[in-house]
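A.B. asks:
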Amino acid sequence: MLQRVTESMPRGIMSLFSLPSAAATFLALVLYLVIKWTSRRMSMPPGPFGIPLIGNRHQLPAVKPWRKFAEWNRQYGAVVSIFLGSTPVIVLGTAQAAWDLLEKRSDIYSSRPRFILAGEILSDKKRGLMLPNNDHWRKWRKVLHSGFHIRRAETYREIQSLESKVMMYQVLNDPKQYERHLQRFAASVVTSVTYGRRVDSVDEWIVKENMEAMDSEFRSNEPKRSIALRFRIEVTVSIPGKYLVESWPWLLKLPRSLQWFRREPEERRQRDINFLMHLFNDVKTRMHNNTIPDCLTAQTIANQDQSGMTDLEVAYAVSSPFGAGIETTAGTLTTFILAMLHFPSVMKKAQAELEAVVGFDRMPEYDDQDNLPYIKAIVNETLRWRPVAALGGTPHAVIADDEYNGMFIPEGSTIFANLSGIMHDPVMFPFPDEFRPERFMETSDPRMKTFELPFGFGRRICPGMHLALNSLIINVSRILWAFDILPALDRESKEVKPGEFISPFPSDDQLKIASLAKIHGISRTGSTHVL
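Using our numbering, read the sequence shown as starting at 637 and increasing by one per residue.
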């Protein structure tokens, strides 16, 4: 009878009876998800409590997130966990934690998280830096290792020495444009060792096109005030969840016409392909004509049958140092200039060492390195004091559940070694805000002697590390040999200094590079035997 009554009721009235049931079901589902999320969260490393399904996105700034990471490490400990959407993120705030996980357990901590925008849509899974551990990544890694291992890097010193001399002459004649000269040096070294071609100006098309590609890959709304600041901003693209599609991958299931986030990166991808294939084919043509010097691209093409890589895969692989190597090297040298402005006693001590070892009759050379321990310590301290890759570069991903010091780290977690925070850990680096090269001379710790910390961890350590260090040591020694780096004076003859921190960097009205040319015999009107 009840069935006959209910069947005779209008549908609208019946729907009212079903609403409480639906609401109860929905609330039960929400409660289940909250309990599940909370229980999972409690077993993980400590960290700020977020919102279920959203996580901590609202607490993490899109610009300079390393500062918030460091704050959380100070509050919660060396290992912190947060959520970006549904993605668990582990932030490592000490070198020991990073070594324990990313090096000692590199078999499960060397993969990459999924990068939908930059890795898939923009790059079609061709950029090795963002690839997970797979055959494509291993091929990419082999290409770069063969081109930049320590012995191979030594063969590029002649190129780096030449470009350093050109840079010195440019700074001597136009010191206000010092940042452009540093950038040209870095660009010319990278293009020479990669494509067998020099760069005379940062205005050349090959440099401009590369910068535009970087702008597209690492989009940011913050003004790009300097090379080093620019790269620090750009690494924030590595944060999963920064873009809407990263947090909600289901957006990829929408009809293609509704995927608004695709249009610009796909246009840029085709432009990148045209650019990289042009460079690839240019090298191939010069190989055929026997006019190509030894370089990474020519070496990789010669071994292409063995590697099994397509032309496009090779073009992307060899572009890796061209993409990031320019701005990291130039940015670190800019940081060095900043440090000398704020710590003139370091500059004077280094110049005394150079005077004793090198003298005034010639420039420092690579053969002088072993006799210039303070210069080498300045390079290490520059890398520590204001690391350009503040987030430690591209994050890692763990491919299996793990436990560390009683804390659960779930499979699929994104792992950040917060390099900016690590380098300012007062336990490892007392008085971290001070620029003290002596800390690298007074230590017996072998890790401090070699100091590979700025270049990453485990299997994902930067393959261009040795090339970068060679660029830094030759330029730091020569700049200090030839110039005094002094703050400019205002109208009242007071020193004008930029801030000591990430931004802004010295502008031409805050910096005066005073030449010691008269002492060292460098001419403003033309090169001498020194240059």
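Glycine included, C-beta positions come from ideal geometry on N, C-alpha and C.
So for Glu1039, helix, strand or coil by DSSP?
C.D. replies: Reduced to three states, the DSSP call for Glu1039 is strand.
A.B. asks: Whole angstroms is fine: what's the gap from Lys1012's alpha carbon to Trp886's?
C.D. replies: Rounded to the nearest angstrom, the two C-alpha atoms are 50 Å apart.
A.B. asks: When you compare the region 772–783 with the region 1081–1093, are there three or more beta-carbon pairs, one atom per stretch, that lie closer than 8 Å?
C.D. replies: The answer is no - the region 1081–1093 does not touch the region 772–783, with fewer than three Cβ pairs under 8 Å.
A.B. asks: Roughly how many angstroms separate the alpha carbons of Pro697 and Lys704, rounded to a whole number?
C.D. replies: Cα-Cα distance, rounded: 8 Å.
A.B. asks: Using only alpha-carbon positions, find the residue among Thr730, Gly721, Leu1105, Thr723 that is nearest to Trp708.
C.D. replies: Comparing Cα positions, the closest option is Thr730.
A.B. asks: Here's the rule: buried if 16 or more other CB atoms are within 10 angstroms of the residue's CB, otherwise exposed. What is Thr1030?
C.D. replies: It counts as buried.
A.B. asks: Which value, in whole angstroms, describes the spacing of the CA atoms of Leu767 and Ala992?
C.D. replies: Between Leu767 and Ala992, the C-alpha separation is close to 48 Å.
A.B. asks: Drop a sphere of 10 angstroms on the beta-carbon of Gln819, count the other beta-carbons inside from all chains shown, and report buried for 16 or more, exposed for fewer.
C.D. replies: So Gln819 ends up on the buried side.
A.B. asks: Per DSSP, what kind of secondary structure is Ile1168 in: helix, strand or coil?
C.D. replies: The question about residue 1168 has no answer, for the chain in this structure spans 637 to 1167.
A.B. asks: Hey, would you say Thr971 sits closer than 8 Å to Arg1022, going by beta carbons?
C.D. replies: Contact: yes.
A.B. asks: With H, G and I counted as helix, E and B as strand and the rest as coil, what does DSSP make of Glu1017?
C.D. replies: Three-state DSSP puts Glu1017 in a helix.
A.B. asks: Leaving out five residues before and five after Glu1016 in sequence, what residues of the same chain have Cβ atoms less than 6 Å from its Cβ?
C.D. replies: The sequence shown places Asn at residue 1016, rather than the Glu named in the question. Answer for Asn1016: Phe1076, Phe1087, listed in chain order.
A.B. asks: Could you please give the first and the last residue of the uninterrupted beta strand (DSSP E) stretch that includes Phe1052?
C.D. replies: Run containing Phe1052: 1050–1053, per the beta strand (DSSP E) assignment.
A.B. asks: Please go through the same chain and pick out, in chain order, the residues whose beta-carbon is closer than 8 Å to the beta-carbon of Cys633, but skip the five residues on each side of it.
C.D. replies: In the structure as shown, the chain begins at 637 and stops at 1167. Residue 633 is therefore absent and cannot be evaluated.
A.B. asks: How far does the beta strand (DSSP E) with Ser717 in it extend, from its first residue to its last?
C.D. replies: First-last of the beta strand (DSSP E) with Ser717: 715–720.
A.B. asks: Do you know offhand how far Glu989's Cα is from Ile752's?
C.D. replies: Their backbone Cα atoms lie some 50 Å apart in a straight line.
A.B. asks: Would you mind giving the Cβ-Cβ distance between Thr1050 and Thr933, rounded to the nearest angstrom? I have them listed as a contact below 8 Å.
C.D. replies: The Cβ separation is near 32 Å, so there is no contact.
A.B. asks: Provide the residue span of the beta strand (DSSP E) that contains Leu728, from first to last.
C.D. replies: 723–728 is the span of the beta strand (DSSP E), which, as asked, contains Leu728.
A.B. asks: Within this structure, are the beta carbons of Ile937 and Val950 separated by less than 8 Å?
C.D. replies: Yes. Within cutoff.
A.B. asks: Tell me the residue span of the alpha helix (DSSP H) that contains Gly944.
C.D. replies: First-last for Gly944: undefined, no H or E at that position.
A.B. asks: Suppose you measure from the CA of Pro656 to the CA of Tyr668; what does that come to, to the nearest Å?
C.D. replies: Cα to Cα, Pro656 sits roughly 18 Å from Tyr668.
A.B. asks: Nearest by alpha-carbon distance to Asn917: which of Arg898, Val954, Arg892 is it?
C.D. replies: Looking at the Cα atoms, Val954 is the closest of the given residues.
A.B. asks: Taking DSSP's pairing of strands, which residues face His772 in a bridge?
C.D. replies: Answer is none; His772 lacks a bridge partner.
A.B. asks: So for Ala1026, helix, strand or coil by DSSP?
C.D. replies: Ala1026 falls in the coil class under three-state DSSP.
A.B. asks: Considering Val982, what are the terminal residues of the alpha helix (DSSP H) in which it resides?
C.D. replies: Residues 980–993.
A.B. asks: Which value, in whole angstroms, describes the spacing of the CA atoms of Met1101 and Ala658?
C.D. replies: Near 59 Å, if we compare the C-alpha coordinates of Ala658 and Met1101.
A.B. asks: Would you decide whether Glu1001 is buried or exposed? Buried here means 16 or more other CB atoms lie within 10 Å of its CB.
C.D. replies: With fewer than 16 Cβ atoms within 10 Å of its Cβ, Glu1001 is classed as exposed.
A.B. asks: Indicate whether the contact test is met: 3 or more Cβ pairs, each with one atom in the region 1068–1083 and one in the region 776–790, closer than 8 Å.
C.D. replies: Segments in contact, no.
A.B. asks: Given this structure, state the Cα-to-Cα distance separating Ala1153 from Phe1119, to the nearest angstrom.
C.D. replies: The predicted model places Ala1153 with a pLDDT of 42, which falls under 50 and marks its position as unreliable, so this point remains unresolved.
A.B. asks: Output the distance between the C-alpha atoms of Phe996 and Met1043, rounded to the nearest integer angstrom.
C.D. replies: Straight-line Cα distance between these residues: approximately 58 Å.
A.B. asks: What are the start and end residues of the alpha helix (DSSP H) that includes Met804?
C.D. replies: Start and end: 793–809.
A.B. asks: State the DSSP-derived secondary structure class of Ala731, mapped to helix, strand or coil.
C.D. replies: Looking at Ala731 - three-state DSSP - the assignment turns out to be helix.
A.B. asks: Kindly provide the ranges of any beta strand (DSSP E) runs that are 3 or more residues long and lie completely inside the region 1056–1085, ordered along the chain.
C.D. replies: Runs found: none.
A.B. asks: Can you give the Cα-Cα distance for Thr968 and Ala975, rounded to whole angstroms?
C.D. replies: Their Cα atoms are separated by approximately 10 Å.
A.B. asks: For the alpha helix (DSSP H) holding Trp886, just list the boundary residues, first then last.
C.D. replies: Careful: Trp886 lies outside any alpha helix (DSSP H) and carries neither H nor E.
A.B. asks: Within 10 angstroms of the Cβ of Ala660, are there 16 or more other Cβ atoms? Answer buried if so, exposed if not.
C.D. replies: Ala660 is exposed by the Cβ-count criterion.
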